[in-house]
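Heads up: the sequence shown begins at 3 in the numbering used here, then just goes up one per residue. From the three backbone atoms N, C-alpha and C, an ideal C-beta is built for every residue, glycine too. Take a look at the structure below.
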Amino acid sequence: MTRSVELHGHRGARGLLPENTLPGFAHALDLGVDAVELDVGLSADGVVVLGHDQVLSPVTLADTAPAHPDDPAFPYVGKAVRDLTLAQLRTLDAGTRRAGDAFAGTQRPVPGTRIPTLAEVCALLAPSGVAPAVELKTDPSWPGPLVARFVAAVTDVLDAAGLTARSRLLAFDWRVLTATPREFGRVALVERKTLVPDSPWLAGLPARDPVASAAAAGATVLSPEHTITTPGLVDDAHDAGLAVAVWTVNDPEDMTRFAKYGADAIVTDYPDVAARVLDENAGGAG
3 MTRSVELHGH
13 RGARGLLPEN
23 TLPGFAHALD
33 LGVDAVELDV
43 GLSADGVVVL
53 GHDQVLSPVT
63 LADTAPAHPD
73 DPAFPYVGKA
83 VRDLTLAQLR
93 TLDAGTRRAG
103 DAFAGTQRPV
113 PGTRIPTLAE
123 VCALLAPSGV
133 APAVELKTDP
143 SWPGPLVARF
153 VAAVTDVLDA
163 AGLTARSRLL
173 AFDWRVLTAT
183 PREFGRVALV
193 ERKTLVPDSP
203 WLAGLPARDP
213 VASAAAAGAT
223 VLSPEHTITT
233 PGLVDDAHDA
243 GLAVAVWTVN
253 DPEDMTRFAK
263 YGADAIVTDY
273 PDVAARVLDE
283 NAGGAG
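This is how it looks when you write it as structure tokens:
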């Protein structure tokens, strides 16, 4: 039985284990994902590290101790990733979600888990055959040269790991896509707030036709938020030669619905649930 829709684990398996961590990615692999979606930033000393937020969030991270005695930057939570070194970032505990958060009730904590580097994630993924889907966390306030430097740092890591052919770079800031070498997949992320007139997110391209603009930006995949995904949008993307990866889909009925729309991939916090639903749909299609 072959699935017609790819299963992508969002931030690894955010609903089950701490996001953007090696334990979370390993569990996603065990659940049979086709790709792992992950978020990266760039440390002050130029290392590509995992993390969803440009400013370290107390929801997913906790300080433990300074990287060196009397470090004036400590505590680190609340500070920007690009203002901290790898040594400082490594001190953070990424294994326990703050109590009361929506995912704290379903996510199993792994206390003591550290922020990994992209190179460490690549070492885990390389023998698996699973695709890295790497979202670069920038925004329109970033100067163009810094965006280009970040893209180069990410692609260098993926290339060194031998993962170029099966990797894809994701971004809401489409300048990332225009800077990404053509050997890599390029995923245009879209949501309501980026699809507005004169949007600063779309690399100067118009928001009125996101499919045409994504293609013009060099995208190979359109990745819309699930709330704006319609059968027409999927069909238009396919007509333009773009695959469609819908995020973030956690409801089983929605998973089935987007599969019927013809989506090429479902991005989910619960790959265990999605694997069951997509496998059932694949079996029924026969």
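{"Item": "When 71, 72 and 64 are compared against residue 111, the one with the closest alpha-carbon", "Value": "64"}
{"Item": "Residue 187, enclosing beta strand (DSSP E) - first and last residue", "Value": "187-192"}
{"Item": "Residue 148, buried or exposed, once every other Cβ within 10 Å from all chains shown has been counted against 16", "Value": "exposed"}
{"Item": "Given residue 140 as reference, the closest of 213, 89, 123 and 171 once Cα atoms are compared", "Value": "171"}
{"Item": "Integer Cβ distance of residue 115 from residue 97, believed to fall under 8 angstroms", "Value": "3 angstroms"}
{"Item": "Exposed unless 16 or more other CB atoms sit within 10 angstroms - verdict on residue 70", "Value": "exposed"}
{"Item": "Outcome for residue 153 when other beta-carbon atoms lying within 10 angstroms are tallied against a minimum of 16", "Value": "buried"}
{"Item": "Cα-Cα separation between residue 205 and residue 72, rounded to whole angstroms", "Value": "42 angstroms"}
{"Item": "Meets three-Cβ-pair contact criterion under 8 angstroms: the stretch 11-21 and the stretch 270-278", "Value": "yes"}
{"Item": "Alpha carbon of residue 25 to alpha carbon of residue 19, nearest angstrom", "Value": "7 angstroms"}
{"Item": "Bridge-paired residues (DSSP) for residue 267", "Value": "8 and 247"}
{"Item": "Local conformation of residue 285 per DSSP, three classes", "Value": "helix"}
{"Item": "Residue 118: CB within 7 angstroms of a non-hydrogen atom of the ligand GTP", "Value": "No copy of the ligand GTP appears in this structure; indeed no ligand is present at all."}
{"Item": "Alpha helix (DSSP H) segment containing residue 156, residue limits", "Value": "146-162"}
{"Item": "Boundaries of the beta strand (DSSP E) in which residue 177 is found, first to last residue", "Value": "Unbroken run through residue 177 is the alpha helix (DSSP H), 177-181; no beta strand (DSSP E)."}
{"Item": "Residue 21 versus residue 121: straight-line alpha-carbon distance, rounded", "Value": "17 angstroms"}
{"Item": "Beta-carbon proximity check, residue 10 vs residue 36, cutoff 8 angstroms", "Value": "yes"}
{"Item": "Separation of residue 258 from residue 219, as counted between CA atoms", "Value": "30 angstroms"}
{"Item": "Straight-line gap, residue 163 to residue 173 (C-alpha atoms, nearest Å)", "Value": "21 angstroms"}
{"Item": "Straight-line Cα distance separating residue 227 from residue 247", "Value": "9 angstroms"}
{"Item": "Inter-residue spacing [alpha-carbon to alpha-carbon] between residue 156 and residue 229", "Value": "30 angstroms"}
{"Item": "Inter-residue spacing [alpha-carbon to alpha-carbon] between residue 61 and residue 235", "Value": "34 angstroms"}
{"Item": "With 16 other Cβ atoms within 10 Å as the buried cut-off, status of residue 177", "Value": "buried"}
{"Item": "Which of helix, strand or coil DSSP assigns to residue 274", "Value": "helix"}
{"Item": "The stretch 260-267 / the stretch 198-213 touching (three or more Cβ pairs under 8 angstroms)", "Value": "no"}
{"Item": "Reference residue 242, options 254, 214 and 190, closest by Cα", "Value": "214"}
{"Item": "Proximity winner among 137, 143, 182 and 184, relative to residue 50 (alpha-carbon distances)", "Value": "137"}
{"Item": "Any alpha helix (DSSP H) of 4 or more consecutive residues that is wholly inside the stretch 81-153", "Value": "88-92 and 120-127"}
{"Item": "CA nearest to the CA of residue 249, picked from 186, 6 and 38", "Value": "38"}
{"Item": "C-beta contact flag for residue 67 and residue 93 at 8 angstroms", "Value": "yes"}
{"Item": "Burial state of residue 175 (16 or more Cβ within 10 Å)", "Value": "buried"}
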